[in-house]
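**Q** One structure, pasted below without further comment.
Protein chains: 2
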Amino acid sequence: MSADTGAGDARRAAAALDAADPLAAFASRFETAPGVRAYFDGNSLGRPVAGLAQRMASFVREDWGTRLIRGWDEGWMHLPERLGDRIGEVALGAGPGQTVVADSTTVLLYKLLRALADAQTTADSRRTEIVLDTDNFPTDRYLAEGVAAERSMRLRWIETDPDTGVRPEQVAEAVSERCAVVLLSHVAYRSGWVADGAAITALAHDAGALVLWDLSHSVGVVPVDLDAWAADAAAGCSYKYLCGGPGAPAFGYLAQRHQAWARQPVQGWMGRRHPFEMGPGYEPAPGIRGLVSGTPPVVAMVPVQAGVELLAEAGLGAVRAKSLALTDFAWEIVESWPAELGVAIASPREHRHRGGHLTLRHPGFQDVLAELWADGVVPDFRHPDALRIGLSPLSTTFAEVETGLDRVGAALLRSAR
Amino acid sequence: MSADTGAGDARRAAAALDAADPLAAFASRFETAPGVRAYFDGNSLGRPVAGLAQRMASFVREDWGTRLIRGWDEGWMHLPERLGDRIGEVALGAGPGQTVVADSTTVLLYKLLRALADAQTTADSRRTEIVLDTDNFPTDRYLAEGVAAERSMRLRWIETDPDTGVRPEQVAEAVSERCAVVLLSHVAYRSGWVADGAAITALAHDAGALVLWDLSHSVGVVPVDLDAWAADAAAGCSYKYLCGGPGAPAFGYLAQRHQAWARQPVQGWMGRRHPFEMGPGYEPAPGIRGLVSGTPPVVAMVPVQAGVELLAEAGLGAVRAKSLALTDFAWEIVESWPAELGVAIASPREHRHRGGHLTLRHPGFQDVLAELWADGVVPDFRHPDALRIGLSPLSTTFAEVETGLDRVGAALLRSAR
């Protein structure tokens, strides 16, 4: 697209935006990525924080290699709650004692869904429905299907438009005295639509239902306010905007008021009261620790700590402001493309509904993906025709947005010829 | 104890044993541990393999930092099966396609216990018992308690002597036409007793029951032969003799013949057939992949790969031979201590029942632990009076055994005065 008259303008605009960006210096706070011109996938896998390679090496040599088993007494044992509290404070609007780091998002969602659903059906056997939406992230849908089957519950589906997302009035219509739990994503994985957390939680509560939020696509980029929403439970992953690395452990939140009655089913030694007593009979540890099952993933938490501290330094408010500016800029560029190119933006225009990424649709995207990746332009592709442009605010410059989108457009043009 | 006449003899014996040890060179294949004179806890947390600090740094900068999301297409996606197959080959006697790396040991045991128990009770509703032993590792007992409660099953306990372990005749007596699953540890976490995997599996099968083995304390030090035993399922952790680091992901094995009918309950996108289709409805991926739920823990698998490759290089047969020689040597030293000291060995004397660690009992151990740790002698303590002397064959020298035990004995003597 660089031959177009608009390209020079866009380049100058990008330079001006970068010059005025209060978070500009953070872009150099990540490990370098030789050959990568534009990384558009921080919404799927965040980049490693600069210095992390050294930090991991030092963890291996010192914390693990030298302190050895003594590390458990010297801090590892309570890392799940300590790091959980920190994520809660920096990104979730969650007071202490309600968040832990453990397992994968899927496993934590399973444990929390079971905890809430089992407690609800025990209290009122007519509450047998799990409400979720048709465009919820696949793992949420699959695990709810499994829980419904094993607990003799049923799924009630909200039909959502995949280009937008779930709206409060849809939730109001779906929840009833039969609903046990509502399971929704705060930010939709395809469109990036931001659901109204406070309104939806309140509507579910009005019907006597509890809400489990999947925060995977919001944590670290879109403000979340779990305590203020009076959310019941939440889980999410730390390898997207929190930069925890591929397959990093997840975080789970269970509101304090539910901790005494809602019990998760995977009863492991690390979630037991007095684990090293190793005695007979399981009694959950008090507080959020009862959500833990197996041995805390200490090695895998090292990158998460680095990512969360970088986010804390920048501040989530500033990150959200830059996120909107980045997606605004990307939006303008894509809108400037010739209509004949046929690229549609399948994400919300309004800021209050826009998450950290934009989804573009074009039937030719699958064909140009390999070329883009080889050229160092790295978005991700979602079957059948969607390219997600994920713009992680701390690591992404406006110049990068311009460079990458210019090459996306050019590749489509070449492929159409 | 160094003033005793025996100490000089022991030191000379250690030197001779180290000189004759075919695996002696492996002791320098681990990251150094400044200030650690004797590490007796490789049965709980293995030491990092030499070069791992660099390997982790390089993983952060290159695999993750530069390949970024492309890494999933370039190998990460199938790492759970690839590394699982390798562990199966090197340490479990498991043919390909039956082992994956994922989750924690507790979560995998939960998924496998549910898979087997649900399949059994569906096939025959009278099979409602889970048989396990009173000295099984705590997490096994707690999770079985939870599964029994949620599935309306009951636990049938085999009373084991904590200084030895579970015997085939006890299993024969406990299993009946009401038994769904037998859940046992192959090597007991306290005594180190090695159960007879082949005989117990056969006895359970004779009664129509299935067997789930916890291999946490055997993998990498005691030969396991899952396929030859006709074991049904197994799980274990990779942070002990496999040196995967604190909280490393676990491995799970499900025999091929059960993969089509035994379904685990945590239905996540990564265990679905065609995960990136992201379509409606969960259908498990064929084969062992169906045991996976969430995103594979790629960062955390890097140290496991290093540990498994080192084990492969040494060979499990040689490792087992050295393990027995190390515990024999430790046994002789402890037996040479004055009887008045009152230290008992609470582990099996016969090689065929001896695992990778010895447990010593003395009421004064708790009082001397902090002093030993500060002095660089690092065993672990198990409530109320047990000191575990874990001797990881690849990283432990005979000289280290002599040095460490000498200080353990001396500390007890001082504390008794």
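Those protein sequences? They're chains Y and E, same order as listed.
Quick note: the first sequence uses the working numbering, first residue 46, plus one each step.
Quick note: the second sequence uses the working numbering, first residue 46, plus one each step.
By construction, the Cβ of each residue, glycine as well, lies at the ideal position given by its N, Cα and C atoms.
This one's a predicted model, so the numbers in the text were calculated from it and none came from an experiment.
Might you give, ordered along the chain, the residues of its own chain that have their beta carbon closer than 7 Å to the beta carbon of Y/Ala456, omitting 5 neighbours on each side?
**A** Once the five neighbours on either side are set aside, the close Cβ partners of Y/Ala456 are Val413, Glu416 and Leu417.
**Q** Just to check my reading of the structure: E/Asp86 and E/Asp425 have Cβ atoms closer than 8 Å, yes? What is that Cβ distance to the nearest angstrom?
**A** Confirmed, Cβ separation roughly 5 Å.
**Q** Using CA coordinates, which residue listed in Y/Tyr155, Y/Ala189 and Y/Ala65 is at the minimum distance from Y/Met309?
**A** First, the amino acid is wrong: residue 309 of chain Y is Gln here, not Met. Residue Y/Tyr155 is the option with its Cα nearest to Y/Gln309.
**Q** Would Y/Asp148 count as contacting chain E if we go by Cβ distances under 8 Å?
**A** Taking Cβ atoms only, chain E reaches closer than 8 Å to Y/Asp148, which makes this a yes.
**Q** For Y/Glu447 and Y/Arg433, I'd like the C-alpha separation in whole angstroms.
**A** Approximately 15 Å between the Cα atoms of the pair.
**Q** Let's see if you can read the secondary structure: which residues bound the beta strand (DSSP E) around Y/Trp202?
**A** Y/Trp202 -> beta strand (DSSP E) spans Arg199 to Ile203.
**Q** Does chain E have any CB closer than 8 Å to the CB of Y/His402?
**A** Y/His402 does not count as touching chain E.
**Q** Measure from the alpha carbon of E/Gln99 to the alpha carbon of each residue in E/Arg394, E/Val388, E/Ala55 and E/Ala351, then state which is nearest.
**A** Nearest C-alpha to E/Gln99: E/Ala351.
**Q** Name the chain Y residues that come within less than 9 Å of E/Trp306, Cβ to Cβ?
**A** Ordered by position in chain Y, no residue passes the 9 Å Cβ test against E/Trp306, which lies about 15 Å from the chain.
**Q** Inspect the beta-carbon positions of Y/Leu371 and Y/Leu439 and report whether they are closer than 8 Å.
**A** For Y/Leu371 and Y/Leu439, no; Cβs fall outside 8 Å.
**Q** Which residues of the region 86 to 100 of chain E have a Cβ closer than 8 Å to any Cβ of chain Y? Give them in chain order.
**A** Residues passing the 8 Å Cβ filter: Asp86, Ser89, Leu90, Arg92, Pro93, Leu97, Ala98 and Gln99.
**Q** Taking DSSP's pairing of strands, which residues face E/Ser230 in a bridge?
**A** Looking at the DSSP assignment, E/Ser230 forms a beta bridge with E/Asp259.
**Q** For chain E, is any of its Cβ atoms less than 8 Å away from the one on Y/Trp109?
**A** Yes, because at least one Cβ of chain E sits closer than 8 Å to the Cβ of Y/Trp109.
**Q** Return the chain-ordered ranges of every alpha helix (DSSP H) run that is complete within the region 228 to 309 of chain Y and spans a minimum of 4 residues.
**A** DSSP runs (the alpha helix (DSSP H)) wholly in the region 228 to 309 of chain Y: 242 to 251 and 271 to 274.
**Q** Would you be able to state if there are at least three C-beta pairs under 8 Å between the region 214 to 234 of chain E and the region 245 to 256 of chain E?
**A** At 8 Å Cβ cutoff, the stretches touch.
**Q** Taking all protein chains shown into account, decide if Y/Leu128 is buried (16 or more other Cβ within 10 angstroms of its Cβ) or exposed.
**A** Buried: at least 16 other Cβ atoms inside 10 Å.
**Q** What do you get for Y/Gly290, buried or exposed, if any count of 16 or more other CB atoms within 10 angstroms of its CB means buried?
**A** Y/Gly290 should be labelled buried.
**Q** Strictly by DSSP, which residues pair up with Y/Thr144?
**A** Note: Y/Thr144 sits in a beta bridge opposite Y/Tyr298.
**Q** Whole-angstrom Cβ separation of E/Pro25 and E/Met346, contact assumed at under 8 Å?
**A** Here chain E has residues from 46 to 462 only, and residue 25 of chain E is not among them.
**Q** Show which residues of chain Y have a CB atom less than 9 Å away from the CB atom of E/Tyr286.
**A** Simply none; closest approach about 14 Å.
**Q** Pick helix, strand or coil for E/Ile378, following the three-state DSSP scheme.
**A** Residue state, collapsed to three classes: helix.
**Q** Kindly say whether Y/Glu119, judged by its beta-carbon, lies nearer than 8 Å to any beta-carbon of chain E.
**A** Cβ-Cβ to chain E under 8 Å: no for Y/Glu119.
**Q** For Y/Arg427, which residues of its own chain have a beta-carbon under 7 Å away from its beta-carbon, when the five flanking residues on both sides are left out?
**A** Counting only Cβ-Cβ distances below 7 Å, and skipping sequence neighbours, we find Arg235 and Arg433.
**Q** Is it buried or exposed, Y/Ala305, if we count other Cβ atoms within 10 angstroms and call 16 or more buried?
**A** Its Cβ having fewer than 16 others within 10 Å, Y/Ala305 is exposed.
**Q** Are E/Thr144 and E/Gly133 touching if we call contact CB-CB under 8 Å?
**A** Yes. Within cutoff.
**Q** With 8 Å set as the bound, which would you pick, yes or no: does the beta-carbon of Y/Gln301 sit closer than that to a beta-carbon of chain E?
**A** For Y/Gln301, the answer is no, since every Cβ of chain E falls outside 8 Å of its Cβ.
**Q** With H, G and I counted as helix, E and B as strand and the rest as coil, what does DSSP make of Y/Tyr187?
**A** Helix, per DSSP.
**Q** For a contact defined as C-beta to C-beta under 8 Å, what are the partners of Y/Ala78 on chain E?
**A** The contacting residues are Gly110, Thr111 and Leu113.
**Q** Candidates E/Phe182, E/Glu395, E/His123 and E/His303: which alpha carbon is nearest E/Thr205's?
**A** With distances taken between Cα atoms, E/Thr205 lies closest to E/Phe182.
**Q** Is there a Cβ from chain E that is less than 8 Å from the Cβ of Y/Trp314?
**A** Y/Trp314 counts as touching chain E.
**Q** Could you name the residues of the same chain whose beta carbon sits closer than 6 Å to that of Y/Glu395, not counting the 5 residues immediately before and after it, in chain order?
**A** Closer than 6 Å at Cβ, skipping near neighbours: no residue.
**Q** Could you confirm whether any beta carbon from chain Y is found closer than 8 Å to the beta carbon of E/Leu432?
**A** Judged by the 8 Å Cβ criterion, E/Leu432 is not in contact with chain Y.
**Q** Is Y/Glu451 helix, strand or coil when you go by DSSP?
**A** In the sequence as displayed, the identity of residue 451 of chain Y is Asp instead of Glu. Residue state, collapsed to three classes: helix.
**Q** Taking 7 Å as the limit between beta carbons, can you name the residues of its chain near E/Thr340, skipping five residues before and five after?
**A** Correct list, in chain order: Met315.
**Q** Given E/Thr246, which residues of its chain have a CB within under 7 Å of its CB, disregarding the five upstream and five downstream residues?
**A** Closer than 7 Å at Cβ, skipping near neighbours: Val256, Trp274, Ala275 and Ala276.
**Q** Expressed to the nearest angstrom, what Euclidean distance is found between the alpha-carbon atoms of E/Ala48 and E/Gly297?
**A** Legend: pLDDT at E/Ala48 = 48, less than 50; position of this residue unreliable, value from coordinates given subsequently. For E/Ala48 and E/Gly297, the distance between alpha carbons rounds to 49 Å.
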